[in-house]
Structure formats: C-alpha cells, structure tokens
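Engineer: Residue numbers (this note's numbering): 1 to 477.
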RNA sequence: CGAGGAGUAGCGCAGUUUGGUAGCGCGCUUGGUUCGGGACCAAGAGGUCGUGGGUUCAAAUCCCGUCUCCUCGACCA
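#1: Is residue 194 near the ligand NAP, going by C-beta to nearest heavy atom under 6 Å?
#2: Looking only at DSSP bridge pairs, what is residue 469 linked to?
#3: Alpha carbon to alpha carbon, how far is residue 80 from residue 458?
#4: Look at the alpha carbon of residue 468 and the alpha carbon of residue 203, and state the distance between them as a whole number of angstroms.
#5: Take residue 450 and list the residues in its own chain whose beta-carbon comes closer than 7 Å to its own, dropping the five residues that flank it on each side.
#6: For residue 374, count neighbouring Cβ atoms within 10 angstroms of its own Cβ and tell me buried if that reaches 16, exposed if not.
#7: Would the beta-carbon of residue 303 fall within 7 Å of that of residue 477?
#8: Do you know how far the Cα of residue 118 is from the Cα of residue 6?
#9: Give the secondary structure of residue 33 by DSSP, where H, G and I count as helix, E and B as strand, and everything else as coil.
#10: Measure the alpha-carbon distance for residue 412 versus residue 406 and round it to whole angstroms.
#11: Taking only the alpha-carbon atoms, compute the straight-line gap between residue 1 and residue 341 and give it to the nearest angstrom.
#12: Output the residue ranges of the alpha helix (DSSP H) runs that lie fully inside the segment 81-151 and measure 4 residues or longer, sorted by chain position.
#13: Measure the Cβ-Cβ separation of residue 253 and residue 241 and say whether it is below 7 Å.
#14: Quick one: using the 10 Å Cβ neighbour count with 16 as the cut-off for buried, is residue 286 buried or exposed?
#15: Restricting to Cα atoms, I'd like to know which of 366, 453 and 141 is closest to residue 263.
#16: In chain order, what residues of the same chain lie with their CB nearer than 7 Å to the CB of residue 383, ignoring the 5 residues before and after it?
#17: Quick check: residue 232 and residue 51, are their CB atoms within less than 7 Å of each other?
#18: Going straight from the alpha carbon of residue 309 to that of residue 381, what length do you get?
#19: Relative to the alpha-carbon of residue 173, which residue among 441, 236, 121 and 107 has its alpha-carbon at the smallest distance?
#20: Per DSSP, what kind of secondary structure is residue 17 in: helix, strand or coil?
#21: Are the CB atoms of residue 388 and residue 343 nearer to each other than 7 Å?
#22: Note the first and the last residue of the continuous alpha helix (DSSP H) segment covering residue 350.
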C-alpha cells in the first residue's frame, strides 16, 4: 500500500484540490498538452480518439434526423459580424481578427469564426429561394476561436473543436420544435453515450446566445457540484434571416423571411465526462467513448505461451467489436495496472500462466475497482460485453444519484448561498427581472443555469415579488 | 484585464539569500536478472539556466526591460 500512496501522490487530491486534479489528470494521461501559443492545446491521440468516438455517435444521430454535413470557411468578413446588432456586441470582445495577409494590409479585416451564424446566414440567403428549399438543415464539424482571458484544457481554450448545426424553416413553430428536438437529442446522447445525467431547459435573457430569441442549455454537474454548460440550442426567430436576407417565396406567392436555429456541442464534452466520472485514481471513461475498452495485462509475459494467449484473446474481443489492446511493454504488471487505471480504461483482464492453465481470467472493473476471478476465458466475449454494459449503467446511476442528492431548494438568498457553498444546484423562484439575477450573482457567485420545467415557487428568492419561473442556480465553469 | 505564483536536461525540482567548473530524482538508451498492485543491478546519453540588455575579471545567481505558463477573480462552449 505504501507504493500505492506514492502513485496517488502523482495527481492532486480530488476532494480538496479539484482544479489541480483536473489539470494533472488531463496532462498525465496524455489527453492533451499545452500549445506554444497562449490558450491553445494539443489534443493528443488518446484525447482525440475520445473526440472521434463522440463525433461518430453524434454524427450518426444527426444524419438519422435528416441533417447534412457541410463545411464553411474559417474566415468571415468583418462586415458580416456587424449585421446583427446583438450578435456583434456579444462576440466582439472575443474575436481574433486577421488584418494582414500576403504581405499587405487587407482592405477589409477578416474575423476568425467564433461561431458561423453570420457566414452560414449569408450562404443560406443565396441558397434559399422557394418554400420547396425548406427546411434547410446543415451541420459542420470544425474549429472556432474565442479569445478568452483565462483557459483550461477542454473547458475553455482560445481554439476549440465543435459541431455547429444550422437550420432554416418556413415557420417559427417548426424552428422552435427543432430547437427542442436537438436539445432532446443532446440529452439522450449525454445519457447513453457519455453516461452523464444532465439538466436541460431554457436559459435566461442574460445567459442566452447573442442574437437569439431563446437559448436552451444542457447543464451537467461536476464532481465538485459546479455546473458545466455542455451543449446549447438556439432559436433565432427571424433575426439572422433578416440580417442576411434569407427569404423565400411561399406557397401563397408572398416573399417571406425564414426562421433559423442553431445548436452546438464542443470538445468541452470531454472535460465534462472527466469531471463527472473521474476519481482519485484518475480518469473513468464511459465504455462507448473509451479509446480502449479492455486492456489485457500479461503476467510473466516472457513465459512460454503467455503473450500468445493474450494476443489470441485480443483478436477474439476485436472480432466481437470490442476495442481491446495487450500491454506487452516491459513495465511490471503493477505499473501497468496503475497506468491503465489512471487512463480510465473500463475493464482490465489479467492473464498469466495460472489462468491459462485453469482456463480462467481475472477481470477488473475500473468503476468499482473490484476484481473478479471466476470468469472462464472461453466466455470472454460475453463476459466483457455484459460487464461493459453494467459499467455504463453504474456510471450513469451513481452520477444521477449524486446529482439528485445535490439539488436543493432555497427560499432566501442566504439559503441559496448556503446551497451553492455546499456544492449544490439550487432551485429557487425568480421574478424574471435582471436586477434580481445580478443580485444572486453578486451575493452567491452563482448564475441562473436553466429554467425548471414548471414553476413551483410563489415568490422570487431575491425581491419576494411573485415568482414567474423556477430557476436552477449554480456556480459554473 | 486585476491579484498571486512559476520559468534550470523529456518531466518534477535543488542551486539564487552571500556572484566563482551545472546538480538531484524520475524518465530515456544498452545489457542482464525479474514479472499476480508503480522490481533490481551495471554502464551510458542528455543543458544557449524563458528571452533582450546592463553591472562585473567572472552572472542561473545582482539590476532594468520583455515573453510565456499556472492558480484565483471579472468575460465565455
């Protein structure tokens, strides 16, 4: 156990020093490294593989919903940004601008996209002419740049990867419906693929996207009780359609503006799943996105037949569609155990001469840290498949339990403060005015995350007037 | 952008107070013994001390400038 303590000391304590724990884990497990330019990160193969798995799962859902992929340019004319008043005001402070190219000053500065509503609005304006062109639903996987003051890998970096979906509909009802549908799609994805419970709902005027009519968010509770916005969908009404001339001739012959909406999730999801499932030993990756689902650790690997047996098992698992590797490096078994646990691999199989002789294998679960030695080697595919499924269930249910235990109600600012201090999401009544929302921020350093589905409070937690909404307040990343 | 902290081998650090041959641990390379919870022995490689200027016979060390990173706040996916 002394050696175990030595290992644990490599990463900060998850309970007392959560931010440092996070940074330690993402760097030491080789998910990311810092880039040479302020606020940039390199997503290393182990981290990028998680992103690829996220992409694959989401992309197939988008396509099943009828969305097509496309790619729009990185550079946007500065003049586009200023066409939608709220939009430019919201994003101006954080855009990076290209002023020189080809050795000369540019006639018009070019903005590096912080999001693509403007350029996509411009293109949609060219492509939409008739009601027959609608709905138009496209998505792109790309990078965007927002010059943030401070940064943290996956959670906040100047450049990050995401998908942004943009759609135009003939009516506001359809666009609003799509906005809610995509929110549901994200929620289902978070639950089944990331094994992560989330709160979804509409955002306040203060928290909504610059230029939107309504913004909806998906919020996940992190290990320390803080909230992380993990996805958003926006209903734009006709704001962007009018700014960019997205018009069509309707069935009745009248020229009308379309209604647009957009939605996005980013590499921040990787940060979210790390902070949701991780423990003192490091990462705990949900099986659907884990780059390695099973690591096979040979014991006494130089002994006759051990490596052959491990590789044969790996091939069998791969044929069954399971992402398996054999760690045949020269490190000791104990070293490998700790290393792969830190890297969050859901399952480990230990295979040594004794096991091969008895036809059994030792199976270790990362989520429960429990070893089972009763499984037959011959049934490995079934055992692994079923256990991976059980790990998914366990990860979700224990995260959901923790979240539910940490949602409290407050009837006063003092109660609200006590709630967020204790690492909770706090449900409270709100009159709907900006002043009261600001007061909560000032008093408790907490922000309105999303509206609850229904209002269960009589009075506003701040001013005591009639409550128009029930809001989830939390401290947020 | 405000407040703190830090830049010395791939990583983590000591050395700076009091200027005088560049150090330690881990990792890496080669060979050998090991292997069921971070093994051991032996031999080796690896440095413009973030960067620019100044003081000095002499600077990692003192002085001035500058850049970057981390943590905490205000802004945000």
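Note that beta-carbon positions come from the ideal geometry of N, C-alpha and C, so glycine has one too.
Structural biologist: Checking against the coordinates, here is how it stands:
#1: The ligand NAP is absent from the structure shown, which contains no ligand whatsoever.
#2: Within the first chain, the letter at position 469 stands for residue 469. Answer is 430, bridged to residue 469.
#3: For the purposes of this step, residue 80 is taken as residue 80 along the first chain, with counting starting at 1. For the purposes of this step, residue 458 is taken as residue 458 along the first chain, with counting starting at 1. The straight-line gap from Cα to Cα measures roughly 45 Å.
#4: Locating residue 468 in the first chain gives position 468, where the first residue counts as 1. Locating residue 203 in the first chain gives position 203, where the first residue counts as 1. Cα to Cα, residue 468 sits roughly 14 Å from residue 203.
#5: Taking the first residue of the first chain as position 1, residue 450 is located at position 450. Excluding sequence neighbours, residue 450 sits near 199, 200, 201, 202, 203, 217, 219 and 472.
#6: For this step, residue 374 is matched to residue 374 along the first chain. The residue is exposed, with fewer than 16 neighbouring Cβ atoms inside 10 Å.
#7: One-based indexing of the first chain puts residue 303 at position 303. One-based indexing of the first chain puts residue 477 at position 477. Their beta carbons are not under 7 Å apart, which means residue 303 does not touch residue 477 by this criterion.
#8: Here the question's residue 6 lines up with position 6 in the first chain. Here the question's residue 118 lines up with position 118 in the first chain. Since pLDDT at residue 6 reaches only 40, below the 50 mark, its modelled position is unreliable, and the value read off the structure follows with that caveat. So the alpha carbons of these two residues sit roughly 53 Å apart.
#9: Here residue 33 refers to the residue found at position 33 when the first chain is read from its first residue. In the structure shown, residue 33 sits in a strand (DSSP, three-state: E or B).
#10: Position 412 of the first chain, counted from the start, is the residue given in the question as residue 412. Position 406 of the first chain, counted from the start, is the residue given in the question as residue 406. Going from the Cα of residue 412 to the Cα of residue 406 covers about 18 Å.
#11: The residue labelled residue 1 in the question sits at position 1 within the first chain. The residue labelled residue 341 in the question sits at position 341 within the first chain. Confidence in residue 1 is poor, its pLDDT being 27 and thus under 50, which makes the residue's placement unreliable; the coordinate value appears in the next sentence. Going from the Cα of residue 1 to the Cα of residue 341 covers about 16 Å.
#12: 85-91 and 117-127
#13: Indexing the first chain from 1 puts residue 253 at position 253. Indexing the first chain from 1 puts residue 241 at position 241. Going by C-beta atoms, residue 253 is not nearer than 7 Å to residue 241.
#14: The count along the first chain starts at 1 and reaches residue 286 at position 286. Residue 286 comes out buried.
#15: In the first chain, the residue the question calls residue 263 occupies position 263. When each option's Cα is compared against that of residue 263, the closest is 141.
#16: Here the question's residue 383 lines up with position 383 in the first chain. Result list for residue 383: 363 and 375, in chain order.
#17: Translated into the one-based positions of the first chain, residue 232 becomes position 232. Translated into the one-based positions of the first chain, residue 51 becomes position 51. Contact flag unset, no.
#18: Position 309 of the first chain, counted from the first residue, corresponds to residue 309. Position 381 of the first chain, counted from the first residue, corresponds to residue 381. Their Cα atoms are separated by approximately 15 Å.
#19: Locating residue 173 in the first chain gives position 173, counting from the first residue. The shortest Cα separation from residue 173 among 441, 236, 121 and 107 belongs to 236.
#20: Looking up residue 17 in the first chain gives position 17. Looking at residue 17 - three-state DSSP - the assignment turns out to be coil, as it is neither helix nor strand.
#21: What you label residue 388 is simply residue 388 of the first chain in a count that begins at 1. What you label residue 343 is simply residue 343 of the first chain in a count that begins at 1. No. Outside cutoff.
#22: Translated into the one-based positions of the first chain, residue 350 becomes position 350. Not the alpha helix (DSSP H): residue 350 falls in the beta strand (DSSP E), residues 347-351.
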